[in-house]
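What follows is one structure encoded as structure tokens, with my remarks underneath.
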Amino acid sequence: MDVRALVFDVFGTVVDWRGGVAREAARLLGPDVDAAAFADAWRARYVPSMQRVRSGERPWVVLDALHRESLPAALAEVGVDGVPDDVADELVLAWHRLDPWPDVVAGLTRLRRSYLLAPLSNGGVRLSVDLARRGGLPWDAVLGAEVAGHYKPDPEVYDSAPRLLDLPPSAVCMVAAHGDDLTAARARGLRTAYVHRPGEFGGLRTPPATDPDADLSVGSLEELATALGC
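What follows is the structure in structure tokens.
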């Protein structure tokens, strides 16, 4: 692909959201709570909470605020009838403490030799910075929902990347483990690369091995680096 920048979905593509949230839930809620089930219950409210913003039902807020609002329902689903405010705040920060998949840092380091790299995430700027500092993610910039004032898959998010990087859309490649993210990016003229993350959902469902509509389908960011000649 004749591209100059790669922008990345983060939750599931770059970092293991399920394992990280479950780890923090086990620490904060104790052994009697099914931490993995709690992570799944919270994640199930992720898209509906953003849809309320996208539809205009509620004003724009960063993802941390949406996670805080959906937390009580997720806790109730696993039998927890509320937690103190300080514990709730720490649970929200679990999303800032996620670890990258094992291939990520090495793959990004190789890719950065030839391409501009940035997250294009629904996470806020501080969240993206915290994940980068924790995991050693070598971003050149932080882009995404808070920068654009919209949540994916709103077109404004995808349009913001080439605009802010001063590139034509065809020179920017969206890298994601989710086909709907890539479909929305292609609709705005971006190139696309699919990353297969079979462990994202803990075996509860298996993502497709490839995206036939993507320019590339790979099994890791190191494989992506190899495919792009890095």
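The opening position of the sequence shown corresponds to residue 83 in the numbering used here, with each subsequent residue numbered one higher.
A virtual CB, placed ideally from N, CA and C, is assigned to each residue, including glycine.
- Task: Please go through the same chain and pick out, in chain order, the residues whose beta-carbon is closer than 6 Å to the beta-carbon of residue 178, but skip the five residues on each side of it.
- Result: 209 and 212
- Close beta carbons around residue 182, own chain, < 7 Å, minus the five adjacent residues each side: 96, 97, 217 and 219
- Quick one: any contact between the segment 288 to 302 and the segment 266 to 278, if contact means 3 or more CB pairs under 8 Å? yes
- Task: Under 7 Å Cβ to Cβ from residue 116, same chain only, skipping five residues before and after it: list those, please.
- Result: 160
- Message: In whole angstroms, give me the CA-to-CA distance for residue 130 and residue 143.
- Response: Computed Cα separation, rounded: 14 Å.
- Can you tell which of 155, 111 and 305 has its C-alpha closest to the C-alpha of residue 127? Of the candidates 155, 111 and 305, the one whose C-alpha sits nearest the C-alpha of residue 127 is 155.
- Collapsed DSSP secondary structure at residue 299 in the structure displayed: In the three-state DSSP reduction, residue 299 falls in the strand class (E or B).
- Flag this pair as yes or no: are the beta carbons of residue 99 and residue 90 separated by less than 8 Å? no
- Item | Pick from 247, 157, 232 and 185 that is closest to residue 204, judged by C-alpha positions | Selected option, being the one with the closest Cα: 232.
- Message: Suppose contacts are defined by Cβ-Cβ distances below 8 Å. Is residue 153 in contact with residue 307 by that definition?
- Response: no
- Message: Between which two residues does the alpha helix (DSSP H) holding residue 132 run?
- Response: First-last of the alpha helix (DSSP H) with residue 132: 128 to 136.
- Task: Give, in chain order, every unbroken run of the alpha helix (DSSP H) that is at least 4 residues long and sits entirely within the segment 208 to 247.
- Result: 227 to 230 and 237 to 247
- May I ask you to report which of helix, strand or coil DSSP gives residue 89? Looking at residue 89 - three-state DSSP - the assignment turns out to be strand.
- Three-state secondary structure (DSSP) at residue 279? The answer is coil: DSSP assigns residue 279 none of H, G, I, E or B.
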